[in-house]
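These protein sequences, in sequence, are chains P, R, X and W.
Just so we're aligned, residue 144 is where the first sequence starts under our numbering, counting upward by one.
Just so we're aligned, residue 5 is where the second sequence starts under our numbering, counting upward by one.
Just so we're aligned, residue 14 is where the third sequence starts under our numbering, counting upward by one.
Just so we're aligned, residue -15 is where the fourth sequence starts under our numbering, counting upward by one.
Note that the Cβ used here is the ideal one computed from N, Cα and C, for glycine as well.
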Amino acid sequence: MKWSVVVSLAMLFVIAPLLPGIAAKTRARLTGRRGAPVLQPYRDLARLWRKGAVYSRDTSRVFRFAPIVLVATAAFAASLVPLDGQRAMLSFSGDFVAFAYLLALGRFLLVLAALDTGSSFEGMGASREVTVAAFAEPALFLAFVALVLATGNLSLGGALGGPLSQAWPGAVPALAMVTVSLFLVLLAEGSRVPVDDPATHLELTMIHEVMVLDHSGPDFAMILYGHALKLALFGSLLVGTLIPRAALTAPLAIAVLALGLVVVAVAVGIVESVMARLRLNRVPQFLTAASALAALGVILLLVG
Amino acid sequence: MPRVVELLLLLVILTSFIVLGTTRLSACIRAVAVQGLLLGLLPLALYPGGSLHIWGLAGGTVLLKGVILPRFLRWAIREAAVRREVEPRVGFALSLLVGVVAVAAAFAISRILPLPERERAMLVPVALATVIIGLFVLTTRSKAVLQVVGYLILENGVYLFGLTHVERVPFLVEVGVLLDVFVAVFIMGIVVFHINREFDSLDSTRLTELTD
Amino acid sequence: MLLLALIAVPALAAVIAYARRTPQWRATWLIVGALLHLALVTVAWVVPPLPLFKGWLALDSLGLIVLTTVSALFAVVGFYAVGYLRRESPRGGRAFASYLLAFLAAASLVAVSHHFAVLWVGLEATTLAVAPLIYHRHDRRSLEAVWKYLVISSVGIALALLGVFFLATAQAGAPSARPLVLEDLITDAARLQPAWLKAAFIFLLVGFGTKMGLAPMHTWKPDTYGEAPSLVGGLMAGALTSCAFLGLARITQVAVAADIAPFVQPLLLGFGLLSLVVAAAFLVGQTDLKRLLAYSSVEHMGLLAIGLGLGGVGAYGAVLHMINNAFVKGLLFLAVGNVLLPARDGTPPGVSGVLHRAPVSGFLLLIGLFAVTGSPPFGPFLSEFAILSAAFHGGHYWIAATVLGLLAVIFVSLGARVLGAVYGAAAPTGARESAWLAAAPVVLALVVLGLGVFIPRPLFQALAAAAGTLGGWAP
Amino acid sequence: MILFFAGITSILLGGLGMLVWRRRPGLAAWTFAVLVGAGCALAVVPAIQVLAGGAAPEMRVPAGVPGGDWVFGVDLLSAFFLLLVLLVGGASALYGLEYLAPEARRRPVAATHLLTAFEIAALALVVTARSAMPFLMAWEVMAVLAYFLVAFDSEQADVRRAGLIYLIGTHTGTLVLIALFAFWGQFAGALSFDALAAAAPQLPAGGAMIFTLALVGFGFKAGLVPLHFWLPGAHGVAPSHVSALMSGVVIKMGIYGLLRTVSLVGPPPAWWGWLILCLGLASGVLGVLWALTQHDLKRLLAYHSVENIGIILLGLGIGALGARYDASMLAVLGFAGAALHALNHALFKSLLFLGAGAVQRATGTRLIDQLGGLERRMPLTWAAFLVGSVAIVGLPPLNGFVSEWIVYQGLLQSATVPPMRAAVFAVAGLALIGALALACFAKVGGAVFLGRPRTAATERGREVGGGLLAPMGALAAACVVIGVVPVLVVTPALRVGASIAGIGTDSASEAAAAVGPALQWISFMAFGLVAMVGAGWWLRRVLLRRRPQVWTETWGCAYARPNPRMQYTAASFAAPLVVAYGTVAGVQVTREPGHFHTHATDVVLDRVVFPLWATVRTWALTVRPMQQGRLWLYLLYLLGALLVLLLYLAFRAGGPGS
């Protein structure tokens, strides 16, 4: 296994928490506030990591397993993405499915954990989480289909690694649409505005935040980290689709990825500052739009 | 002697008409009795100097259709303390009209049919007419006894047709047929008797308990 | 000689049974007569009997099949009757056994007669023999039932007689032939006058159809079966209809021989389908169990007619279905009888919980339900399969589709009612089911199941031969 | 074959033992357990041999009825389904022993066990029968016995109703199957499958008729939308081990039938493949949506059977299209995916039903919103149920993922075959199905096992006995093993797929070579995942060892005293999705202040089947006046008939034959 794969993976693990920080900072700046320092997430993680834990009497093992599973699945999903631009650590035909379903496993456990507390708020959050996911999933898969059609390759590593660069010239509009829909999916999966608002303070309007209300200490740290990692993953998918880096040398590719991720984070921050959060019953339409875009891309690729 | 035959056949039709036209039960039964006698005579007229077969047939017919069955029917209605009118579902005049039409139709039909022997040509239409009249009586008369009468007329019609080739249908069968008719009417009579007892009426329209 | 014995034995037994004073003896003679008859039939399978009276009486494979069916069913019903007579002694019960035996004699006459007039006589005799049995309860309902039965079937049979005479007339073209004898009719079928033959067929169809209970001549059936004691109902639905079917099959044989099949086929198919439709319509939401069975019988008569009409494998299917129908109907009527015995008068609409009250009968009802609706592995499945294959083979897809649709509707109706009766809350009643009464339907159930998984070789050959004479063949 | 029949005999004997020793339940139970277990073990041997590459045994029995010899045999397809039948059947039967024990006082339990044993035998015969007659017989016996098993609680009206609806559904299907073979038989000399297959080329329109009839007939059994209307009721009210048997095995016979038809006739017409694909999507999406609206745990599981049948059909459709367009790889993948998912679904669905049964035993209710907090009270059941849930949602590292992954493979690869590229859109559908299933089982797991008990009865719930846990454990183990070492079953499944597509095993090995590395990676991933989670758990223990751990109330957002009734109900949990997709699924949602309600009745049943029957009924009742008891009318009918015939005579007198 080439060193670059390991390094790129490590890089992702390291900078993952940075992205929420950047997003928040951008948002604060654009709304005329100074905002928390970019490295704030690292501090939070460190603090939480050192804390003890508070558990509800109603909770069970599921509640304590969930954070671990979340991180583990995110990490494995990361190993399927060709971060150095050429190859992924794990790559097999149809690993798209594995990618999506690993993240789903993490979500499943997290939702169960939320229901485990028996708190109506967390139940509500869990319910919204699965709803959002149910609408985001088709969009994601359609994007994958588009990549398969564009590259004729059935694995993330293969598709994003090699042939995509050749595919772009032929299919600019299609792939552009796919990129956009991937971005929308990223906003949803990363529980960002306009789907969710990490900065809100009213439980009734939260989705992800309210779902993890009861977690504390290291557990909560893992959840935060896992969530950031998820964001980074979708970010790297986005970057990988937009900027095929197979041609570049490994270090350059990794650097481009890091830069791209930062850009994505900034973009997220900009969206958050210019858009308002959607009413919950509008979220499905938003994500259906994402699916529609991806589907359009697929159609274009089919006929073209 | 075709003349006699035709005369007898005309009489048969007339008796049927009587059944159609009369208002009194007893008259109907008498008419059927007469019809039975006529049927008994017909073989002799058809096959002059007939064999034992013919005589036996004639005798049996006269005995059963002319004597026993009418007697029996009278017995069956004797206890009935109800009015003896016919009360048809179709008026007498119309019934008679139907009778006439039936005869006409019968003749028309037998025109089409390839008939066996010409000299008995009239036998077939009369038979058909009788059959039709019998069915008509069966369906339009509400009194149980009259339905038996109708059945008898129907049977007579069939029997008339049977006469077209007595020599083809052997004696034994004729006897079997006669016996069956006899038993059938016999049982019907018993049932009529019971109907009288159960319902104090001969009116079979009361028998409408069994429905879906 | 054997042929004569087949008729004489039950007749004699009837007389003796009537002469006997005690019910025990009458029951005994009923059994004796039935078993002797069955024995004679068995002999007839081994040594084919010679024709009698210049071929008026003869036993071909078709007749033999009908005869066997009737005889076997009668034997079982006879045993049941013994238990029945112990349970309740019908008024005029003295003659009960005799009437039954007389019916057997008449049915045998039908089965062995190759002369249409004789066949007619026998058929009429069967009609008359069962009439008193229907009326045994001597109340208004049974009175009405027997009255309608008598009038309708007598009219029908009278028309059949006319048909017989027409047939004789049609034969005028062949003076050398023995009049109305089946063999001769078939051998010089070519010289029959088609017009008269067709007329004869029509009248015989109506006449025998009335006795079979083909719609729209079926109207007496629900009333009669509903009121008659269930064993009589079983005998009528099983044996009497088989005799009537034999009559129809006979004239069909002539028609096939005279190749007027194109004329005959639509009639049979039409009546068959109409019967199916009517049966389905009246089965929907039917609550009275016996009337239910009556309409189911109409349905199966329709299937028989369709089988005959389709020809080919259908003929085989029809004959086989005749056998199956006889035993299944027997089974169902006896089972229902056991269920209803406690409730003397007709069917209380809300029969339910049989399975708790009378487990055996309940179980038998279930078997009967699945058998009568043509589910594998019961006998009727095989015959209905054959009929269906014939429909497909003849390219009558729409007929096949209609039949299947109607069968589905019929299954829903039957299933809803019978299962409703079998399951559910048990109506409190102390009636225990006696071994006598339970044994008979069990035997029938075994027969039905047996015929579903195994058709003995001789029977199959007989079926094939019978189908052959009906212009068909065996699969 | 000897082994097979020996096994079947032993199973039947086990059933009969129940009857023989009904006075001595203990002994009866032992004989039942031993004989049935041994029987399943024996009969499964030939299946495994064949799947391992052994020769396919066959046996001819001279038939007692027309239609040619009765042939029984175990080829790859049979073997695969035989495996499924015997594994799940055995587990359910054994589970039944203890499950029904409490009922013994009130009901003829022995009879039920007897029927269960016979049902298993019938199922085994269905998949091994090689000619139409024994097939149809075994088929109907299977269906009818299943009815009796469903009607176990026949005192309750709803059970009787559900049973009747099931019976109607299945019998209608059987009628269609009878038509199928009656039609097919016209082109073949005999009714043995070989003869039928040989006659396939003569079939008109490429066997369009056959495929249509098969789709309807077998579709009723498989419970694909819209022929599923009988399924939720029947599987809901049956005793749980029966539900497991039915949902796990019996409905798979429909799939078996479809696969068998394809393998006999050969590549089906393209429209059929597309139709199957669409039906698969419809069944999958609608099934899971309807499941979301359910309040009854077992009805919910039943609707998930509809969903999974949909997933199976997706595979089947891809296989059919692949076979039609000579894309051997796709054909193999599709059929293999279908077969494999059938097996997996059998495992985890029966596992889930058995778990539901345990819950019902422990708490006496199936209503989701009355349960809760059972994780503490019945941890082992919960563990098993969780395994089942993760599997059915199709998540790694369990078996559900493997088969869904293969189906995905097929769908994605259809992009490489021009005529069937449109099939790739099904990927989105399958993704949606997966996400919705996740939501649904989050709801179930959360509402039933997690949080706090919602009723006193649930509060009292205790873990069930070993007799119930052991079968669940076995099934769960099977799910895990397949998920972690998929190659065990995928390779045989691929060979099965090749045999269905009627192409040599070389293409199977080709496909195996194609998916081989992926399978290794999947195993690796599974192990890695387990290892990582384990490591994480250990790390967490280390971290928290000497740190304060506070145990307190759930944080109610500053609300002091939360109580169980305040928990989010399952209905509310599903609400957003139900509302969003309600129109698609035809589900009515009613909101009153403080009360939220979703209708859990079946849409097809209410909007199609019942109205249809009502129409038939009204038509039927319109002719009732015919039978008014008026004799003269009856005679008029007779005369009318005669008259009509005479007219016919008059017209046809000049016709043919005169």
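Buried versus exposed, by CB contacts within 10 Å (16 or more), residue i
i	result
His198 (chain R)	buried
Ile423 (chain X)	buried
Asp358 (chain X)	In this prediction, Asp358 (chain X) scores a pLDDT of 47, lower than 50, which makes its location untrustworthy; the coordinate-derived value is nonetheless stated afterwards. The residue is exposed, with fewer than 16 neighbouring Cβ atoms inside 10 Å.
Gly299 (chain W)	buried
Ile239 (chain W)	buried
Phe635 (chain W)	exposed
Val473 (chain W)	buried
Ala433 (chain P)	buried
Segment limits, alpha helix (DSSP H) that includes residue i
i	result
Thr294 (chain P)	Ser263 to Thr294
Arg479 (chain W)	Val471 to Ala485
Val79 (chain X)	Ser74 to Arg100
Ser115 (chain W)	Unbroken run through Ser115 (chain W): none, as it is neither H nor E.
Gln206 (chain X)	Here Gln206 (chain X) belongs to no alpha helix (DSSP H), and DSSP marks it neither H nor E.
Gln504 (chain W)	Thr489 to Leu528
Val373 (chain X)	Pro372 to Val385
Rounded Cβ spacing between residue i and residue j (contact assumed at less than 8 Å)
i	j	result
Arg44 (chain W)	Val55 (chain W)	5 Å
Val455 (chain X)	Leu378 (chain X)	Between Leu378 (chain X) and Val455 (chain X) the Cβ distance is about 12 Å, and since that is not below 8 Å, they are no contact.
Ile397 (chain P)	Ser147 (chain P)	7 Å
Ile400 (chain X)	Leu323 (chain X)	7 Å
Short CB-CB distance (under 7 Å) between residue i and chain W
i	result
Leu18 (chain R)	no
Val406 (chain X)	Before going on, a small fix: residue 406 (chain X) reads as His here, not Val. Taking Cβ atoms only, chain W reaches closer than 7 Å to His406 (chain X), which makes this a yes.
Ser324 (chain P)	no
Leu98 (chain R)	no
Thr360 (chain X)	Note on Thr360 (chain X): pLDDT 48, under 50, position unreliable in the model; the coordinate value appears next. Cβ-Cβ to chain W under 7 Å: no for Thr360 (chain X).
Tyr244 (chain P)	yes
Enclosing beta strand (DSSP E) for residue i [first to last residue]
i	result
Gly57 (chain W)	Trp54 to Gly57
Glu42 (chain W)	Glu42 to Val45
Tyr51 (chain R)	Note, Tyr51 (chain R): premise wrong, no beta strand (DSSP E); not H, not E.
Within-7 Å CB hit, residue i to chain X
i	result
Phe165 (chain R)	yes
Leu68 (chain R)	no
Ile113 (chain R)	no
Gly64 (chain R)	no
is_contact[residue i, chain R] using C-beta, thresh 7 Å
i	result
Ser642 (chain W)	Legend: pLDDT at Ser642 (chain W) = 38, less than 50; position of this residue unreliable, no value from coordinates given.
Trp160 (chain X)	yes
Glu196 (chain X)	no
Leu324 (chain W)	no
Asp236 (chain X)	yes
Query raised in the report: Which whole runs of the beta strand (DSSP E) in the stretch 173 to 205 of chain W are 3 residues long or more, in chain order?
Result: Entirely contained in the stretch 173 to 205 of chain W, not one beta strand (DSSP E) run reaches 3 residues.
Query raised in the report: Mind pulling the alpha helix (DSSP H) runs of 4 or more residues that sit fully within the stretch 295 to 348 of chain P?
Result: Secondary structure within the stretch 295 to 348 of chain P: the alpha helix (DSSP H) runs of 4 or more consecutive residues, fully enclosed, are 299 to 304, 307 to 313 and 315 to 332 (chain order).
Requested in this report: Starting from the N-terminal side, write out each stretch of the alpha helix (DSSP H) that is 4 residues or longer and does not extend beyond the stretch 540 to 617 of chain W.
Outcome: The stretch 540 to 617 of chain W contains these whole alpha helix (DSSP H) runs: 554 to 569 and 594 to 606.
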